[in-house]
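Asks: Can you read through this structure? Questions will come right after.
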Amino acid sequence: MMKSAILAAVVLAVGVAAQGPTINTPTAANPAAECQPFLIQWSGGTPPWLVVVQNSPPSGVAVADFGSRTDNEVTWIVNASVGTSLLFSIKDNTGLPQSSAPFQVTTGSGDSCLSSGGAAPPRLPAVVVVPALRVLLLRVLLVPAVARPEELPQKLPGASTPYIQLFS
65 MMKSAILAAV VLAVGVAAQG PTINTPTAAN PAAECQPFLI QWSGGTPPWL VVVQNSPPSG
125 VAVADFGSRT DNEVTWIVNA SVGTSLLFSI KDNTGLPQSS APFQVTTGSG DSCLSSGGAA
185 PPRLPAVVVV PALRVLLLRV LLVPAVARPE ELPQKLPGAS TPYIQLFS
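In structure tokens:
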């Protein structure tokens with residue numbers, strides 16, 4: 065009797081894990097309101113889970129990315145304007161994806177969490193040039209144009225460090 069109870073529990077646990085994840089959707093009774101906390105919950109699948117909030121239909125950068133999670137919930141401060149159509153997406157450790165139904169952000173207690181009085185938060189520029197990136201870009205642009213290393217200039221224009229030292 066004990067062995068069959070343990071076997072049944074194992075079969076049930078394997079069955080739940082094999083089903084893939086499910087994730088909640090905001091409702092009229094429990095809306096995702098602008099600048100208010102919303103509890104995102106999920107179940108099923110195999111941890112860890114990747115959890116994101118994205119535009120509906122999905123496009124571009126996620127509105128919120130909670131990364132890899134081993135728990136079954138996360139509180140999201142709704143960082144989108146009233147009327148924005150969004151959805152929650154989740155992917156478990158086996159790669160099984162699932163999305164919530166699309167939902168619209170409702171009126172909250174104000175738009176103080178948004179950067180420009182109700183506008184969506186600003187996105188970072190696609191390319192940020194930092195000194196290391198400038199060196200990498202120079203190497204990518206200059207090195208393929210030169211057939212032999214001895215043909216490289218000793219110094220880059222305006223540089224105090226010889227070119228050869230920059231990349232060795």
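Numbering (my numbering), first residue to last: 65 to 232. Ideal placement from N, C-alpha and C gives every residue a C-beta, glycine not left out.
1) Taking residue 145 as the reference, give the member of 116, 88, 91, 97 with the closest Cα.
2) Less than 8 Å separating the beta-carbons of residue 118 and residue 153?
3) Which residues does DSSP list as the beta-bridge partners of residue 108?
4) Out of 148, 99, 129, point me to the one whose CA is closest to residue 167's CA.
5) If I'm right that residue 126 touches residue 143 with Cβ under 8 Å, what's the distance once you round it to whole angstroms?
6) Using CA atoms only, rank isn't needed, just tell me which of 99, 100, 101, 107 is closest to residue 88.
7) So, for residue 116: in the same chain, excluding its five sequence neighbours on each side, which residues have a beta-carbon less than 6 Å away from its beta-carbon?
8) Kindly indicate which three-state DSSP category residue 158 falls into: helix, strand or coil?
9) In whole angstroms, what is the alpha-carbon distance linking residue 160 and residue 84?
10) Look at the Cβ atom of residue 132, then the Cβ atom of residue 112, and state whether they are nearer than 8 Å.
11) Tell me, to the nearest whole angstrom, how far the beta carbon of residue 175 is from that of residue 110; I am working on the premise that it is less than 8 Å.
Replies: This is what the structure holds:
1) Comparing Cα-Cα distances from residue 145 to each of 116, 88, 91, 97, the minimum goes to 97.
2) Yes, Cβ-Cβ distance for residue 118 and residue 153 is below 8 Å.
3) Partner(s): 85.
4) It is 148.
5) In fact, because the Cβ distance is near 11 Å, the residues do not count as touching under 8 Å.
6) With distances taken between Cα atoms, residue 88 lies closest to 107.
7) Closer than 6 Å at Cβ, skipping near neighbours: 126, 129, 153.
8) In the three-state scheme derived from DSSP, where H, G and I count as helix and E and B as strand, residue 158 is classed as coil.
9) Residue 160 and residue 84 have their C-alpha atoms spaced approximately 6 Å apart.
10) In this structure, the beta-carbon distance from residue 132 to residue 112 falls below 8 Å.
11) About 38 Å; that fails the 8 Å criterion.
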